[in-house]
Amino acid sequence: MMMKKIMLIMLLVAFTVTSALAVDGGNPRKGKYLFKKNCKSCHTEGAEGGAVTPLSKTMAQWDKFFEDNKHPGDAWSNFGEQDLLDINQFLFDHAVDSDQPETCG
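What follows is the structure in C-alpha cells.
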C-alpha cells in the first residue's frame, strides 16, 4: 500500500515537472512548417548555421534558447511572436528527451 502511494507521488511530480517546461500557446504543426521553410536552409549539414534539428537539444534547452532569444544575427526579425512560439513548440515537442523525438525531415 505504501509503495503504491510513493509511486503515485513520484508520477505526479514527474508530470508536474514536465508540464512546467512545456511551451504554452505554440502550434507544433505550424512550427514544423515554419522551421522547414525558413530555418532549414541555414541549418543543414555543411550549411552556415550547422545541422540543427529538434534532436539537437533537450526540451529545457529549447525553452531556454527561445526564452533567452539566443539566435545570432537578425534571423528572427522576420518572425512574429506567435511564429517563434510555434517553432519553439515543434522543437520542444520533438526534442531528444521528449516522448516523440524526431528530426524535421
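Residue numbers (mature numbering (1 follows the signal peptide of the UniProt record, and there is no 0)): -22 to -1, 1 to 83.
Ideal Cβ positions, reconstructed from N, Cα and C, are used throughout, including at glycine.
From a predicted model like this one, the values you see are computed outputs, not experimental measurements.
Return the chain-ordered list of same chain residues with a C-beta closer than 7 Å to the C-beta of Trp40, the five sequence neighbours on each side being excluded.
Scanning its chain for C-beta atoms nearer than 7 Å, with the 5 sequence neighbours on each side dropped, one finds around Trp40 the residues Asn66, Leu69, Phe70, Ala73, in chain order.
Which residues in the same chain have their Cβ closer than 7 Å to the Cβ of Gly27, if we skip the five residues on either side of it in sequence?
Around Gly27, the same chain offers Cys20, His21 as residues with beta carbons nearer than 7 Å, after the five sequence neighbours per side are excluded.
Note down the Cα distance separating Trp54 from Phe43, rounded to an integer number of angstroms.
Whole-angstrom Cα-Cα distance: 13 Å.
Measuring CB to CB, does Asp64 end up less than 7 Å from Gly24?
Contact flag unset, no.
Under 7 Å Cβ to Cβ from Asn5, same chain only, skipping five residues before and after it: list those, please.
Close CB contacts of Asn5 within its chain, under the 7 Å cut and outside five residues either way in sequence, are with Asp64, Gln67 (chain order).
When you compare each of Phe57, Met37, Lys18 to Val30 by their alpha carbons, which one comes out closest?
A check of alpha carbon separations from Val30 across Phe57, Met37, Lys18 identifies Lys18 as the nearest.
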